[in-house]
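A.B. asks: So the protein sequences, as listed, match chains A and B. Mapping of the first sequence onto our numbering: residues 427 to 732, in sequence order. Mapping of the second sequence onto our numbering: residues 427 to 732, in sequence order. Beta carbons: idealized from backbone N, C-alpha and C, even for Gly. To start, I am sharing the structure in question, which I have written as structure tokens.
There are 2 protein chains.
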Amino acid sequence: MIKQQQAIKEVFGKYIRNLQDEICRGLEKIDGAAKFKQDYWKREGGGGGWSRVIQHGNVFEKGGVNVSEVNGKISETMRRQLALDGDHFFATGISLVIHPLNPFVPTVHANFRYFELYDEKGEVIDSWFGGGADLTPYYLFEEDARHFHLQLKSACDKTDTALYPEFKKHCDEYFVNRHRQNEARGIGGIFFDYLRGRPESWLGLARDCGDVFLPAYLPIVEKRLKTEFNADHKFWQEIRRGRYVEFNLVHDRGTLFGLKTNGRTESILMSLPPTVRFEYDYQPPAGSEEDKLLQVCLHPRDWIQG
Amino acid sequence: MIKQQQAIKEVFGKYIRNLQDEICRGLEKIDGAAKFKQDYWKREGGGGGWSRVIQHGNVFEKGGVNVSEVNGKISETMRRQLALDGDHFFATGISLVIHPLNPFVPTVHANFRYFELYDEKGEVIDSWFGGGADLTPYYLFEEDARHFHLQLKSACDKTDTALYPEFKKHCDEYFVNRHRQNEARGIGGIFFDYLRGRPESWLGLARDCGDVFLPAYLPIVEKRLKTEFNADHKFWQEIRRGRYVEFNLVHDRGTLFGLKTNGRTESILMSLPPTVRFEYDYQPPAGSEEDKLLQVCLHPRDWIQG
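Below, the structure written as structure tokens:
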């Protein structure tokens, strides 16, 4: 058991460092101007991370592709807030958020992580995978939503065709601003957590999902990056980015857990959009392109069945 | 007891509606262009509020001066999150946040509120006042900080000279981004809560503090509103506004309580700044005017003793 887990830790750890390289290369290439800058940081209790951030690019106004590998004692806060049992833990993952400049190019988020819990003797007493990917457009292109979901479905289907519908639903239910009449952050994707008991399967799933990130996102970026936009489009993008901030700071478990357990603030908050607008009671005109986007956030759709 | 409480509810209620008028008039006058717009909203469980919002003014980019008067059953969430006992409640208060356009004019927040708890028979079993006022400059003018604090001190001193030092400390400890090495939101002010047992005294205190709001804030606005600013000043203001968002959405008890108990979202989030910037790991140059402000946020000062 320990040997097998060791192998999974290592295989997944190598995979996400590679994926980080690949994703950064892919995004830099399409951006054409800005480069990712890496900060290595050490965690006080054990481990650390490689934060890579791109800013003020041609295509990407701000984005981060972070890998962390942390370990240590289970703190009181972790016990209370995450309901974690055990003596010490190991956690590794890749987490990315990309905020494009052009309001016709969607924001994207993805995260794949692996967690192990140990007793005092160092025996693994629990382990699981978690993660997902979701898209946050400012203007709706149904073909883009369909493409993104199809890619994720194809990745999930390799493990089990029952997974995509479940993970899609979980995503629609999770990335929601409950304080805004359950308005979703975007057009969803997949979200899964606490995948236990079949570590090789879930490792395979996480890799398959990681592998489709660029094929799911880059074609959409390519297609939309030359779309002309004006100040009104930018205004709407910044209003929606406000909702992104609200979700991440008020509801997102990962963000709050990181901030309240002395995670590295700058790495956690790289997810926040570069420029944001909070307007009192702003409502897009009924029937407008802006309203169309809002309606699919209020009423999640099945993008594949149509 | 009931009669006396009734009187306090009514007197305070009338006072804050008047104060709302007075503050809106004072701010409109100095703005010279924008006017407050009022939305009346009803709370599902009982009561409602008058939200007044100003936007896109000459001087004030966004601001709200809200009064609410709500009542109803104590919900499970209230019991759990506020540790409230009893059968039903009454709460009324004024809450304002003003975000000026010019980065040399500080943002200001003030809030004065009164709470009553009842048993099943409608007998008052607990009641208290809370509130405060604090200033969030983007550039430090020590004379402004001193003026603001002196006004608040003069108001507190009317009730008891022991209050200002205590409330000042409480403010410095409360408006803090714990996830940013305990960086304060601004240069503080006063904060008090759960003032019980001497309702007439605390009513007097709340009124005295409310009365000094305009004298504390307007002279600072007058003095700074013509200061020329450029894109760099605006950039820094928007970075600091990001911290304001972080505090309000991650730490502020009132905001989170409102959002999680189905308060009126637009009235609660009127506190968020109009335009905001989140830059990865931005540090102002050591010794710059921007850094000077940051240093007093990291190391709160006694503005009156100097």
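Can you pull the chain A neighbours of P700/B, defined as C-beta to C-beta under 8 Å?
C.D. replies: The count along the second sequence starts at 1 and reaches residue 700/B at position 274. What P700/B touches in chain A: R703, F704, E705.
A.B. asks: Check whether chain B comes within 7 Å of M504/A, counting only Cβ atoms and requiring the distance to be less than that.
C.D. replies: The residue given as residue 504/A occupies position 78 in the first sequence. M504/A does not count as touching chain B.
A.B. asks: Starting from the beta carbon of H605/B, find every residue of chain A whose beta carbon is closer than 7 Å, and list them in chain order.
C.D. replies: Mapped onto the second sequence, residue 605/B falls at position 179. Within 7 Å Cβ-Cβ: L685, T691.
A.B. asks: Taking C-alpha atoms, which residue in Q464/A, C723/A, I730/A, R727/A lies nearest to Y735/A?
C.D. replies: Given a span of 427 to 732 for chain A in the structure shown, any question on residue 735/A remains unanswerable.
A.B. asks: Taking contact to mean 3 or more Cβ pairs, one atom from each stretch, closer than 8 Å, check whether the segment 446-455 of chain A and the segment 639-650 of chain A are in contact.
C.D. replies: Contact holds: three or more Cβ-Cβ distances are below 8 Å.
A.B. asks: For chain C, is any of its Cβ atoms less than 7 Å away from the one on L644/A?
C.D. replies: Among the protein chains in the structure shown, which are A and B, there is no chain C.
A.B. asks: Return the residues of the segment 455-484 of chain A that lie within a Cβ-Cβ distance of less than 8 Å from chain B, sorted by chain order.
C.D. replies: Those would be D465, V479, Q481, in chain order.
A.B. asks: Beta-carbon separation of G668/B and V702/B under 7 Å?
C.D. replies: Position 242 of the second sequence, counted from the first residue, corresponds to residue 668/B. Position 276 of the second sequence, counted from the first residue, corresponds to residue 702/B. Contact: yes.
A.B. asks: What does a CB cutoff of less than 8 Å around R539/A pick up in its chain, not counting 5 residues either side in sequence?
C.D. replies: The residue given as residue 539/A occupies position 113 in the first sequence. Closer than 8 Å at Cβ, skipping near neighbours: A517, T518, G519, I520, S521, F555, G556, G557.
A.B. asks: Nearest CA to the CA of C597/B: which residue from V485/B, C582/B, F617/B, Y590/B?
C.D. replies: Numbered from 1 along the second sequence, position 171 holds the residue referred to as residue 597/B. Taking only the C-alpha atoms, the option nearest C597/B is F617/B.
A.B. asks: Can you give the Cα-Cα distance for G475/B and T691/A, rounded to whole angstroms?
C.D. replies: Indexing the second sequence from 1 puts residue 475/B at position 49. Indexing the first sequence from 1 puts residue 691/A at position 265. Cα to Cα, the separation comes out at about 36 Å.
A.B. asks: Measuring only the C-alpha atoms, how far is P529/A from F661/A?
C.D. replies: Working through the first sequence from its first residue, we reach residue 529/A at position 103. Working through the first sequence from its first residue, we reach residue 661/A at position 235. Each residue's alpha carbon lies about 9 Å from the other.
A.B. asks: Could you check what DSSP says for P591/B in three-state terms: helix, strand or coil?
C.D. replies: In the second sequence, counting from the first residue as 1, residue 591/B sits at position 165. In this structure, P591/B counts as helix in the three-state DSSP scheme.
A.B. asks: Applying the criterion that 16 or more other CB atoms from any shown protein chain within 10 Å of the CB defines a buried residue, is T562/B buried or exposed?
C.D. replies: Counting from 1 along the second sequence, the entry for residue 562/B is found at position 136. Classification for T562/B: buried.
A.B. asks: Using a C-beta cutoff of 7 Å, does V676/B count as contacting chain A?
C.D. replies: Looking up residue 676/B in the second sequence gives position 250. Chain A, which has a Cβ nearer than 7 Å to the Cβ of V676/B, makes this yes.
A.B. asks: Whole angstroms are fine: how far does the CA of H605/B sit from the CA of D678/A?
C.D. replies: The count along the first sequence starts at 1 and reaches residue 678/A at position 252. The count along the second sequence starts at 1 and reaches residue 605/B at position 179. Each residue's alpha carbon lies about 15 Å from the other.
A.B. asks: Are R473/A and E502/A close, meaning C-beta to C-beta below 7 Å?
C.D. replies: As a first step, residue 473/A is located in the first sequence; it is residue number 47 there, counting from the start. As a first step, residue 502/A is located in the first sequence; it is residue number 76 there, counting from the start. Note that residue 473/A is Gly in the sequence shown here, rather than Arg. Cβ atoms of G473/A and E502/A: not closer than 7 Å.
A.B. asks: Just confirm the distance between the C-beta atoms of F515/A and E542/A, as a whole number of angstroms; I'd bet it's less than 8 Å.
C.D. replies: Residue numbering aside, residue 515/A sits at position 89 when the first sequence is read from its first letter. Residue numbering aside, residue 542/A sits at position 116 when the first sequence is read from its first letter. Going by Cβ atoms, the distance from F515/A to E542/A rounds to 7 Å, so yes, they are a contact pair.
A.B. asks: Using Cβ-Cβ distances below 7 Å, what residues of the segment 656-673 of chain A are close to chain B?
C.D. replies: Of all residues in the segment 656-673 of chain A, V671, E672 have a Cβ within less than 7 Å of some Cβ in chain B.
A.B. asks: Would you be able to state if there are at least three C-beta pairs under 8 Å between the segment 586-593 of chain A and the segment 650-665 of chain A?
C.D. replies: No: fewer than three Cβ pairs fall under 8 Å.
A.B. asks: Judging by CA-CA distance, which residue of L719/B, G636/B, K461/B is the nearest neighbour of A559/B?
C.D. replies: One-based indexing of the second sequence puts residue 559/B at position 133. Of L719/B, G636/B, K461/B, the residue nearest in Cα terms is G636/B.
A.B. asks: Could you check the C-alpha separation between K440/B and A632/B for me, to the nearest Å?
C.D. replies: As a working note, residue 440/B is residue 14 in the second sequence. As a working note, residue 632/B is residue 206 in the second sequence. Distance between the alpha carbons of K440/B and A632/B is about 13 Å.
A.B. asks: Tell me whether E470/A sits in a helix, a strand or coil according to DSSP, three-state version.
C.D. replies: Translated into the one-based positions of the first sequence, residue 470/A becomes position 44. In the structure shown, E470/A sits in coil (DSSP, three-state: anything other than H, G, I, E or B).
A.B. asks: Span of the alpha helix (DSSP H) holding I646/A?
C.D. replies: Within the first sequence, the letter at position 220 stands for residue 646/A. Unbroken alpha helix (DSSP H) run through I646/A: 639-650.
A.B. asks: Would you tell me roughly how many angstroms separate the C-alpha atoms of W467/B and Q507/B, rounded to the nearest one?
C.D. replies: By 1-based counting over the second sequence, the position of residue 467/B is 41. By 1-based counting over the second sequence, the position of residue 507/B is 81. Approximately 24 Å between the Cα atoms of the pair.
A.B. asks: Could you check whether F486/A and I524/A sit closer than 7 Å to each other, using their CB atoms as the reference points?
C.D. replies: Counting from 1 along the first sequence, the entry for residue 524/A is found at position 98. Counting from 1 along the first sequence, the entry for residue 486/A is found at position 60. Yes, the pair counts as a contact, with Cβ atoms nearer than the cut-off.
A.B. asks: Going by the beta-carbon positions, is the gap between A610/B and P726/B smaller than 7 Å?
C.D. replies: Reading the second sequence from its first residue, position 184 is the one you call residue 610/B. Reading the second sequence from its first residue, position 300 is the one you call residue 726/B. Their beta carbons are under 7 Å apart, which means A610/B touches P726/B by this criterion.
A.B. asks: Under 7 Å between beta-carbons, which chain A residues line up against L695/B? List them in chain order, please.
C.D. replies: Working through the second sequence from its first residue, we reach residue 695/B at position 269. What L695/B touches in chain A: F704.
A.B. asks: Just to confirm, is the Cβ distance from F639/A to A509/A under 7 Å?
C.D. replies: For this step, residue 639/A is matched to residue 213 along the first sequence. For this step, residue 509/A is matched to residue 83 along the first sequence. No, they are not a contact pair.
A.B. asks: Helix, strand or coil, according to DSSP, for R478/B in the structure here?
C.D. replies: For the purposes of this step, residue 478/B is taken as the residue at position 52 of the second sequence. Note: R478/B maps to strand in three-state DSSP.
A.B. asks: Helix, strand or coil: how does DSSP classify E546/B here?
C.D. replies: As a working note, residue 546/B is residue 120 in the second sequence. Reduced to three states, the DSSP call for E546/B is coil.
A.B. asks: Rounded to a whole number of angstroms, what is the C-alpha to C-alpha distance between R572/B and C582/B?
C.D. replies: Counted from its first residue, the second sequence places residue 572/B at position 146. Counted from its first residue, the second sequence places residue 582/B at position 156. One C-alpha to the other measures close to 15 Å.
A.B. asks: For the beta strand (DSSP E) containing R703/A, name the first residue and the last one.
C.D. replies: Walking along the first sequence from the start, residue 703/A turns up at place 277. Segment 701-703, the beta strand (DSSP E) holding R703/A.
A.B. asks: Assuming contact is defined by CB atoms lying nearer than 7 Å, are F673/B and N603/B in contact in what I supplied?
C.D. replies: The residue labelled residue 673/B in the question sits at position 247 within the second sequence. The residue labelled residue 603/B in the question sits at position 177 within the second sequence. Result yes, Cβ atoms of F673/B and N603/B sit closer than 7 Å.
A.B. asks: To which residues of the same chain is W628/A closer than 7 Å at the C-beta, ignoring the five residues directly before and after it?
C.D. replies: Along the first sequence, read from residue 1 onward, the residue named residue 628/A stands at position 202. Contacts found: F555, L621.
A.B. asks: What is the residue span of the beta strand (DSSP E) that Y620/A lies within?
C.D. replies: Within the first sequence, numbered from 1, the residue matching residue 620/A stands at position 194. Run containing Y620/A: 614-621, per the beta strand (DSSP E) assignment.
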